[in-house]
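Report on the structure given below.
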Amino acid sequence: MCMASPGLYRRELPSPAIEFASPLGKKLFGEAHEQGTMEGFFKLISYYQTQSEPAYCGLATLSVVLNALAIDPGRKWKGPWRWFDESMLDCCEPLAQIKLEGITFGKVACLARCNGAKVEAFRSDKSSVDEFRKLVISCSQSEDSHVIVSYHRTPLNQTGIGHFSPLGGYHAEMDMVLVLDVARFKYPPHWVPLTLLWEGMSTIDQATGLRRGYMVISRLNRAPSILYTVSCRHEGWSRVAKFLTEDVPQLLKSEDLKDVQEVLSVVFKPPPSELRGLITWIAEVRRQEDGNLTLSDEEKGRLALKADILEQIRTTAVFKHVTRWLDSENSSSKTYANLGEEDTLAVLATCVCCQGADLLTGCGRLGLSSGKNCCQIEVKLVNVDSENPGTLVSGTVTTSGGSEEVEVLVPLCQREPSRLCLYNEGHCIEMHPCDADFLTVLLLALPFHTWSGFKEEKLRVDVLSLLATEDLPPLLQEEVMFGKHELIPWVLLLRDQFHFLMQRCGDV
Numbered sequence: 305m306c307m308a309s310p311g312l313y314r315r316e317l318p319s320p321a322i323e324f325a326s327p328l329g330k331k332l333f334g335e336a337h338e339q340g341t342m343e344g345f346f347k348l349i350s351y352y353q354t355q356s357e358p359a360y361c362g363l364a365t366l367s368v369v370l371n372a373l374a375i376d377p378g379r380k381w382k383g384p385w386r387w388f389d390e391s392m393l394d395c396c397e398p399l400a401q402i403k404l405e406g407i408t409f410g411k412v413a414c415l416a417r418c419n420g421a422k423v424e425a426f427r428s429d430k431s432s433v434d435e436f437r438k439l440v441i442s443c444s445q446s447e448d449s450h451v452i453v454s455y456h457r458t459p460l461n462q463t464g465i466g467h468f469s470p471l472g473g474y475h476a477e478m479d480m481v482l483v484l485d486v487a488r489f490k491y492p493p494h495w496v497p498l499t500l501l502w503e504g505m506s507t508i509d510q511a512t513g514l515r516r517g518y519m520v521i522s523r524l525n526r527a528p529s530i531l532y533t534v535s536c537r538h539e540g541w542s543r544v545a546k547f548l549t550e551d552v553p554q555l556l557k558s559e560d561l562k563d564v565q566e567v568l569s570v571v572f573k574p575p576p577s578e579l580r581g582l583i584t585w586i587a588e589v590r591r592q593e594d595g596n597l598t599l600s601d602e603e604k605g606r607l608a609l610k611a612d613i614l615e616q617i618r619t620t621a622v623f624k625h626v627t628r629w630l631d632s633e634n635s636s637s638k639t640y641a642n643l644g645e646e647d648t649l650a651v652l653a654t655c656v657c658c659q660g661a662d663l664l665t666g667c668g669r670l671g672l673s674s675g676k677n678c679c680q681i682e683v684k685l686v687n688v689d690s691e692n693p694g695t696l697v698s699g700t701v702t703t704s705g706g707s708e709e710v711e712v713l714v715p716l717c718q719r720e721p722s723r724l725c726l727y728n729e730g731h732c733i734e735m736h737p738c739d740a741d742f743l744t745v746l747l748l749a750l751p752f753h754t755w756s757g758f759k760e761e762k763l764r765v766d767v768l769s770l771l772a773t774e775d776l777p778p779l780l781q782e783e784v785m786f787g788k789h790e791l792i793p794w795v796l797l798l799r800d801q802f803h804f805l806m807q808r809c810g811d812v
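For our numbering, count along the sequence shown from 1 and bump the result up by 304.
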């Protein structure tokens, strides 16, 4: 009796691919290892995984590479462990959509960047097979960078369409690369001719109208941001990116602007409401320790560093212009995209405590867990040292499973009284960042081409000089460069989408 089995069990690996575990595949591995072009293989194979969904090849590939590079995701996977998993790579596209449609080349690059990696992305029509080979050899001789390829399977005589996988090594004499195929349920790791893989990368992705390609992923050689980060899970990123990259230059070009104050009015009066949520401030969370307000030397050091950066922000000419503009807006009762009622001190304190409890317990992600009640919120003044006082926000977060007492440490910002003030012995304690801090950092982090549309050349020169970062204090310069780096994915993604839409309009 014959019974049909449901589904598919693997595929036969077609020529010219050579299975990694075959006698010839092992021989190629040994020779490549002797030649020194398998150095990246061992880290990758240590974290090699099978994609958990048929359309998750991009997510699985990126998880392998990020874990191989030992990049800390900064958030929990399961239990107490921080670890990259496909389910955590949702900052550039909803997982539900990726599960249905897969993911594009530009969005994989975006995912890598917003999860802390350095990315050099090359579409095949902007590169060459010789440049590709050169980078493959370089990466295969090191464990510090890895190549991800986006290709169509058809030129390799394989079933399927677009696919992502990391490359595990290179054999110089045969001019072959080792593809660590993350669809291991279909094909095992295999060697393929580099030129044939290049042919697969030179195809057009119908979802974007753009060429596929390859990217080199490595660790960023910089310290993490101290004060600000781009909110990777911000749902309105496309509207904000469009506003910053397209609308602002057009607005500047259409207006007869005379000075910096008028420029600020053009930029910050009409932006999408999501602008304020795109860049968020980083708070330090810890569990309450029986009412003990003692800070460790490390905590004191980080608070002092944040206070130093805030002071450096306020010494810039940009900050002075922004403050003057905000004062003018407030005094004339004008409106702009400000923090809003939801960012009063009490609500901010509640929000950061709830998010802190999420991070400490792993219940929910970034404040999204349900059934929480945050109460007993207090804001206290603590002494970091003689020059750097700080602010301690404490609260109790209750859920159906119990309660968590958390504290959030922020530097003290002593400024003129505002609606975010809590008075302590006559001082105004303000949680950072205030509007002026945020707007200053955002302006400094925007790419220079944002300001290319001025009618008046002198004003353009003045604005570019005002926003130049070369002479900023080192700490602030690093913070601004971090912001520039995190904004890149949004700008590049929007550019790719815009070009595709223009191309489609031209085809109609």
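Just so you know, even glycine gets a beta-carbon here, dropped at the ideal spot from N, CA and C.
The stretch 421-500 is shown to contain whole alpha helix (DSSP H) runs of 4 or more residues at 433-444, in chain order. When secondary structure is reduced to three states using DSSP, residue 380 falls in the strand class. A check of alpha carbon separations from residue 427 across 611, 402, 454, 439 identifies 454 as the nearest.
A check of alpha carbon separations from residue 393 across 525, 334, 414 identifies 414 as the nearest.
Look at residue 508 here: in three-state DSSP terms it is strand. Under the three-pair Cβ rule at 8 Å, the stretch 511-523 does not count as touching the stretch 339-353.
Taking the C-beta atoms as reference points, residue 748 is found nearer than 7 Å to residue 771.
DSSP places residue 614 in the helix class (H, G or I) of the three-state scheme.
Residue 326 sits in coil when the DSSP states are folded into three classes, being neither helix nor strand. CA-CA distance, residue 318 to residue 472, rounds to 19 Å. Residue 470 has its alpha-carbon roughly 6 Å from the corresponding atom of residue 451. Sequence-distant Cβ neighbours of residue 323 in its own chain, meaning closer than 7 Å and more than five residues away, are 317, 329, 492, 494.
Distance from residue 459 to residue 480 at the Cβ level is roughly 15 Å; contact not present, criterion being Cβ atoms closer than 8 Å. In this structure, the straight-line span from the alpha carbon of residue 484 to that of residue 390 is close to 17 Å. Relative to residue 359, the option among 385, 400, 619, 373 whose CA is nearest is 400. Shown here, residue 519 sits in a strand according to DSSP, grouped into three states. Around residue 616, the same chain offers 776, 777, 779, 780 as residues with beta carbons nearer than 8 Å, after the five sequence neighbours per side are excluded.
Counting only residues of its own chain and dropping the five nearest sequence neighbours on each side, residue 557 has a CB closer than 8 Å to the CB of 757, 758, 759.
In this chain, the alpha helix (DSSP H) harbouring residue 740 covers 739-749. Rounded to the nearest angstrom, the Cβ distance from residue 620 to residue 744 is 6 Å, consistent with a contact under 8 Å. Beta-bridge partners of residue 607 (DSSP): none assigned.
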